[in-house]
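Notes follow the structure.
Residue numbers (my numbering), protein chains in the order written: chain L, 1 to 194; chain W, 195 to 449.
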């Protein structure tokens, strides 16, 4: 049996009381050893900041394990759930605090964060990935990065960018135009497009 | 002989309605999803990628999804009428249905989130300038987990239609926003549920961005008298099917 999917619709401008939650960007609590900030700006085709976007991040822990643990919406301050959700602010900026992911056993891909972008004016969410520059070898072997022209692959690479609490990375999202972020049509491994 | 009625000039809505009809002539996207660059919804012009999506096999990470549980959701989160000290105004409704993957398997114990306008068509959001009353007893956000059958259930108030500024005299049909997770990151879905028989469908660029009529029907809830609770609330059924490659069902030996 193959059912037809429910079509996507925009998240609209008024998701603020429905989706964001306290601590949504705090994958780890302040003061966690090795914590990084991942931050950036979401921009539209004219380069203007997008103040009503919502970003979600999903990642493995530093040990490469993918958590199957509840508690992202009500964080207990000690469990790593690997999920973050943050709205952009009036300047189109977002920030999360997390740990860099380690390599997932058996994965062909270099360590990355999976990202979903939602916004008013975006009728269907966009998937992308954040990679880290220090995994030189794994990045060179990554099937996605290695298949992209250099300037497009660069849109998926976090840029080291310190913050007051320690190391940080910048990851900007350009929805359209010069430097447009690579967005993904994710298919099953068998390659079947349904 | 009565005089001919004064000729009415073409309105902005007429232009948009024509553009909606024209866009419907193009073959729909795979799965019936909207084309991100959909001219009648003007905000898509600068917010839709100009490059084609890059096809990539989902990574092991993307074949999994965040897990939510009892600690994330309170029982009262699913009843949007009890989030204040008093009863909200409007028509009380029950909205329920099942979350399924494309193979018809229920998506169990997964998070469903909703948000909506109040009965007057006003959102509890600073950015909503519609001069309709806020309801001190209604915020309009809810959450629940699906059960072992993939079923969710919310008690809420039927939202009102409201104007927006896409074009002159633009109105959104009444809808409830839904956010869904599957068993894989690739199945993520944010959409809107509509009510049957709404006269605004053909005029609305967001609903109409789904150009395939059958796909449009999948966004509309069904009035269901068996769901209606006597002396209390009208009932609607709406099943949701998540797109995208799902997670491989777990090996029973490993569970």
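Cβ atoms here follow ideal geometry from the backbone N, Cα and C, with glycine treated the same way.
| Asked | Found |
| --- | --- |
| Any C-beta of chain W under 8 Å from that of residue 96 (chain L) | no |
| Proximity winner among L:118, L:136, L:188, L:162, relative to residue 243 (chain W) (alpha-carbon distances) | L:118 |
| Under the three-state DSSP convention, the category residue 66 (chain L) falls into | coil |
| Close Cβ partners of residue 174 (chain L) (< 6 Å) along its chain, the five nearest in sequence each way excluded | 43, 180, 181 |
| Three-way DSSP call (helix, strand, coil) for residue 411 (chain W) in this model | helix |
| Spatial neighbours of residue 193 (chain L) in its chain, beta-carbon cut-off 6 Å, leaving aside the 5 residues before and after | Low local confidence applies: a pLDDT of 43 at residue 193 (chain L) is under 50, so the model's placement there is unreliable, with the coordinate-based value given in what follows. Closer than 6 Å at Cβ, skipping near neighbours: 187. |
| Rounded separation between residue 222 (chain W) and residue 232 (chain W) - CA only | 12 Å |
| Residue 74 (chain L) (DSSP reduced to helix, strand or coil) | coil |
| Under 8 Å between C-beta atoms of residue 436 (chain W) and residue 342 (chain W) | no |
| Test: residue 5 (chain L) CB closer than 8 Å to a CB of chain W | yes |
| Three-state secondary structure (DSSP) of residue 264 (chain W) | coil |
| Opening and closing residue of the beta strand (DSSP E) in which residue 310 (chain W) lies | 305-310 |
| Contact under 8 Å by Cβ, residue 53 (chain L) with residue 88 (chain L) | yes |
| Span separating the alpha-carbon of residue 359 (chain W) from that of residue 93 (chain L) | 25 Å |
| Buried/exposed call for residue 370 (chain W), threshold 16 Cβ in 10 Å | buried |
| Given 8 Å, three or more beta-carbon pairs between the region 66-74 of chain L and the region 123-139 of chain L | no |
| Length-filtered (4 minimum) alpha helix (DSSP H) runs lying within the region 292-351 of chain W | none |
| CB contact check: residue 140 (chain L) to chain W, cutoff 8 Å | no |
| Inter-stretch contact (C-beta, 8 Å, three-pair minimum) for the region 316-325 of chain W and the region 254-274 of chain W | no |
| Where the alpha helix (DSSP H) through residue 402 (chain W) begins and ends | 399-402 |
| Contact check, residue 301 (chain W) vs residue 377 (chain W), beta carbons under 8 Å | yes |
| Separation of residue 247 (chain W) from residue 147 (chain L), as counted between CA atoms | 14 Å |
| Reference residue 288 (chain W); option with closest CA among W:362, W:350, W:304 | W:350 |
| Beta carbon proximity, residue 63 (chain L) to chain W, threshold 8 Å | no |
| Per DSSP, the bridge partner or partners of residue 49 (chain L) | L:43 |
| Straight-line Cα distance separating residue 256 (chain W) from residue 191 (chain L) | The predicted position of residue 191 (chain L) is uncertain, since its pLDDT is 47 and thus under 50; a value taken from the coordinates is nonetheless stated next. About 14 Å. |
| Residue 26 (chain L) (DSSP reduced to helix, strand or coil) | strand |
| For residue 156 (chain L), three-class secondary structure by DSSP | helix |
| Other residues of its chain near residue 149 (chain W): CB distance less than 6 Å, five sequence neighbours each side excluded | Chain W is shown from 195 up to 449; residue 149 (chain W) falls before or after that span and cannot be answered. |
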